[in-house]
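*Asks:*
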Amino acid sequence: MNLLQLKSLFIDELTDTYPKEEILSFYYLLIEGLLHLQKKEVFLEPTIKLSTQHLSEFKNSIALLKQEKPIQHLLGSTEFCGFTFKVNENVLIPRPETEELVHWICSDRISDISNQKDSGSSQTSILDIGTGSGCIAISLAKKCPNSEVSALDVSKNALITAKENAIANDVAIHFIEQDILNFPIKFNTTVFKKYDIIVSNPPYVREMEKQEMQNNVLQNEPHLALFVDNDNPLLFYNKIAEFAKENLTENGLIYFEINQYLASETATLLEQKGFNRIEIREDIYGNKRMLKA
Ligand code: GLN
Numbered sequence: 049m050n051l052l053q054l055k056s057l058f059i060d061e062l063t064d065t066y067p068k069e070e071i072l073s074f075y076y077l078l079i080e081g082l083l084h085l086q087k088k089e090v091f092l093e094p095t096i097k098l099s100t101q102h103l104s105e106f107k108n109s110i111a112l113l114k115q116e117k118p119i120q121h122l123l124g125s126t127e128f129c130g131f132t133f134k135v136n137e138n139v140l141i142p143r144p145e146t147e148e149l150v151h152w153i154c155s156d157r158i159s160d161i162s163n164q165k166d167s168g169s170s171q172t173s174i175l176d177i178g179t180g181s182g183c184i185a186i187s188l189a190k191k192c193p194n195s196e197v198s199a200l201d202v203s204k205n206a207l208i209t210a211k212e213n214a215i216a217n218d219v220a221i222h223f224i225e226q227d228i229l230n231f232p233i234k235f236n237t238t239v240f241k242k243y244d245i246i247v248s249n250p251p252y253v254r255e256m257e258k259q260e261m262q263n264n265v266l267q268n269e270p271h272l273a274l275f276v277d278n279d280n281p282l283l284f285y286n287k288i289a290e291f292a293k294e295n296l297t298e299n300g301l302i303y304f305e306i307n308q309y310l311a312s313e314t315a316t317l318l319e320q321k322g323f324n325r326i327e328i329r330e331d332i333y334g335n336k337r338m339l340k341a
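First residue of the sequence shown: 49, per the working numbering; consecutive thereafter.
(1) If you draw a straight line from the alpha carbon of Pro193 to that of Val265, how long is it in whole angstroms?
(2) What are the partner residues of Arg157, as DSSP defines its beta bridges?
(3) From what residue to what residue does the alpha helix (DSSP H) around Phe133 run?
(4) Helix, strand or coil for Lys204? Go by DSSP, reduced to three states.
(5) Check the DSSP bridge columns for Leu296 and list the partner residues they point to.
(6) Leaving out the 5 sequence neighbours to the left and right, which residues in its chain are closer than 8 Å to Leu272 when beta-carbon positions are compared?
(7) Go to Leu43, then tell me how far its alpha helix (DSSP H) extends in each direction, as first and last residue.
(8) Using the Cα positions of Gln226 and Lys97, report the straight-line distance between them to the nearest angstrom.
(9) At a threshold of 7 Å, does Glu105 count as lining ligand 1 (C-beta to nearest heavy atom)?
(10) Using the C-alpha atoms, what's the distance from Arg329 back to Thr316?
(11) Relative to the alpha-carbon of Ile306, which residue among Glu290, Lys293, Glu327, Gly322 has its alpha-carbon at the smallest distance?
(12) Less than 8 Å between the CB atoms is what I'm expecting for Leu51 and Val90, so what's the real figure, rounded?
(13) Suppose only complete runs of 3+ residues qualify. What are the beta strand (DSSP E) ranges in the stretch 66-151, listed by chain order?
(14) Is the beta carbon of Pro251 within less than 7 Å of some heavy atom of ligand 1?
(15) Can you tell me whether DSSP reads Tyr303 as helix, strand or coil?
(16) Let me check you understand the geometry: is the CB of Leu274 closer than 7 Å to at least one non-hydrogen atom of ligand 1?
(17) For Val197, is the beta carbon positioned less than 7 Å from some heavy atom of ligand 1?
(18) Going by C-alpha to C-alpha distance, which of Leu103, Ile71, Thr179 sits closest to Ile208?
So, in structure tokens, the structure goes:
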């Protein structure tokens with residue numbers, strides 16, 4: 049079988065499960081992942097023949113895609129903020145809207161540094177709460193000039209993946225295994241310093257919103273990272289806000305990814321906790337997805 053025939057096989061087999069553009073994007077990602085060929089090389093030589101070994105790997109991938117396994121799990125990695133992150137069933141697959149949160153923090157940092165010329169030389173300490181794959185913490189460490197980044201998660205397995213991602217991306221992150229819901233609010237100051245920035249993309253999808261979610265998310269991503277009770281959906285924001293009040297520096301900032309349906313409730317909660325200059329931003333899909341205070 050050649051590449052052209054393989055493409056038809058992808059379309060025939062997956063057309064009942066996915067829209068055509070998505071099938072083609074799977075096809076090109078797997079060609080790149082398994083054969084190390086770029087899209088343009090496929091265009092130039094569509095009649096390249098597949099070995100029996102490769103054909104069986106592609107057929108296996110098609111079968112997994114039919115069962116709605118995420119393409120990122122088939123590839124074992126994904127791109128986030130221009131960096132490559134290993135992903136598996138222990139971590140949430142990094143989302144494009146979370147990239148927007150990272151961009152917001154980086155652009156704020158860069159304008160702060162250029163506004164106060166001498167502060168560029170001092171370090172910014174950042175804590176990411178619920179780091180998962182480490183995508184936020186590692187991207188900030190790569191992109192923010194002079195930052196010192198710590199990252200916390202309750203899941204030992206998530207931290208194993210996050211550490212591998214830090215090494216693969218060549219950054220030093222201080223990882224902490226800790227349940228933020230069961231945590232002394234005051235950090236031991238001999239171990240931890242105060243943070244200039246606390247960032248978090250905590251679980252925020254209410255159980256009642258499950259039906260809006262795709263099967264591939266529900267079946268393959270850690271529910272621990274996604275869901276909260278219907279009756280206490282801001283549990284993590286509440287705890288992190290209390291923690292941040294104690295552990296942020298004087299003009300420290302908190303950045304959250306938020307539930308689009310609970311944006312004003314989240315802002316009110318932060319106001320009640322004494323935060324000010326609260327700003328909400330929409331993501332590329334037009335959903336109220338990020339908050340700074
Ligand atoms: N935005 C993610 C989703 O739609 C949820 C992330 C989270 O709960 N923190 O699946």
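In this text, a Cβ means the ideal position worked out from N, Cα and C, and glycines have one as well. Model, not experiment: these values are computed from the prediction.
*Replies:* So, from the listed chains and residues:
(1) C-alpha separation (whole angstroms): 34 Å.
(2) Paired residue(s): none; Arg157 is not in a bridge.
(3) From DSSP, Phe133 is part of no alpha helix (DSSP H) but of the beta strand (DSSP E) over 131-134.
(4) Correct three-state label for Lys204: helix.
(5) Bridge partners of Leu296: Tyr243.
(6) These residues qualify, in order along the chain: Val202, Ser203, Pro251.
(7) Here the chain covers residues 49 to 341 and nothing more, so residue 43 does not appear.
(8) The straight-line gap from Cα to Cα measures roughly 51 Å.
(9) Outside the cutoff, so no.
(10) Rounded to the nearest angstrom, the two C-alpha atoms are 15 Å apart.
(11) Closest option to Ile306, Cα to Cα, is Glu327.
(12) The C-beta distance from Leu51 to Val90 rounds to 6 Å, short enough to fall under 8 Å.
(13) Assignment of beta strand (DSSP E) within the stretch 66-151, counting only whole runs of 3 or more residues, yields 125-128, 131-134 in chain order.
(14) In this structure, Pro251 has its beta carbon less than 7 Å from a heavy atom of ligand 1.
(15) Residue state, collapsed to three classes: strand.
(16) Checking the Cβ of Leu274 against ligand 1 gives yes.
(17) For ligand 1, not one heavy atom lies less than 7 Å from the Cβ of Val197.
(18) Cα-wise, what sits closest to Ile208 is Thr179.
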